[in-house]
Each structure stands twice: as C-alpha cells, then as structure tokens.
Amino acid sequence: MHPWLAPNVSCAVVKYNCYREGVSSPPFEALDLLERESVRSLMFLHCSEFVMPPILHEFSYVMGIELWNTTLVRWGEEAALSAEFHPRMIYMMFAFVNLTSLRVGILSPPLPEQLIDLEFIHTNLTTLPDEVEEAWINVQLVYMEHSQLKQFQSV
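One point on numbering: in the numbering used here, the residue at position 118 of the sequence shown is 119, and numbering is uninterrupted.
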C-alpha cells in the first residue's frame, strides 16, 4: 500500500514470512521500502536461519517484534535493540523459536526504557546469562511457557 505522495509502503504491522518468500532469512534489503515512521509491529515467521536485519535501527516507532517458528542464528550489535533507536519499544516475543542462547541484540544495554514485556513460548532456551540483570533492568514481565529453562536468576 502506497499512501499519496509517499515514496515508501506504509504499514503499521509487517509480517515477513520466510517460507512464503522462499528464503531462510529476510535479505537485508527486505524492509527497505517500508515507511519507517508507520511501522509499529514487526513479525518474522517460518525462517529456518534467521538473522535480524541491521535496518532495524531505522524503525524508531516500532513497539513490538515477534519471531514465530524461527531458528535465530544471529542478532548482533548491528541490529541490537537500543534506547536510542527504539524509544517506543514495549514487547518482544519468541514463539516456537529455536533459541539455544540469548543473542547480543537483546542483551546490550541500554535497552529501550519502555521495553517491559519479554515472552519466550516453546523455545529450547535452557539458561539465562548473567547479563540479563543489567540489560533487562526495566523489564517487568518475563514470560516463559513450555521452555527448557533449567534455572532462573534471582534478579
């Protein structure tokens, strides 16, 4: 959808389905045509080798990111959530995600101050690193369901 007189696609909720697109991870330019100020929610689905695109830093109005049925291979500093780039970010959801360990992209402080909700549903995450104590200082809800977490830090 192109609004009048706008060069980019204007969407509030973006669902990127790797299976439908025939890729294992979105190419870095996959989100280039989106109007940065319009996107409020990003959803990535059915990605067998997901790498968070660095362009994520350009979406300062995003409020939530969801990963569904995905194997998270990399979420590095170049695409990390941050207070500077994502001041409106409220939630992050990992559902049916192959996630053997938390990635740098959600552990590098300062994370967005509004980020209060982290959800892990049907993941293979077994431990939380010590870094969560500092990185998730503002998080109010960590929801774990059907995960393989063996211990939970008392932070």
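From the three backbone atoms N, C-alpha and C, an ideal C-beta is built for every residue, glycine too.
- Along the region 84-124, the beta strand (DSSP E) occurs as fully enclosed runs of 3 or more residues at 92-99 and 118-122, listed in sequence order.
- Going by C-alpha positions, L43 is about 14 Å away from A81.
- With fewer than 16 other beta carbons inside 10 angstroms of its own, A13 counts as exposed.
- Within the DSSP bridge table, the entry for S42 names V14 and G65 as partners.
- Excluding sequence positions up to five before and after M94, its CB lies within less than 6 Å of the CB of E67 and E120, all in the same chain and listed in chain order.
- Of all alpha-carbon atoms in P130, F29, T124 and C48, the one lying nearest the alpha-carbon of L108 is that of P130.
- Taking C-beta atoms as the reference points, F51 and S26 count as a pair closer than 8 Å.
- Shown here for V143: same chain residues with a beta carbon closer than 6 Å to its own, the five before and five after excluded, namely L119 in chain order.
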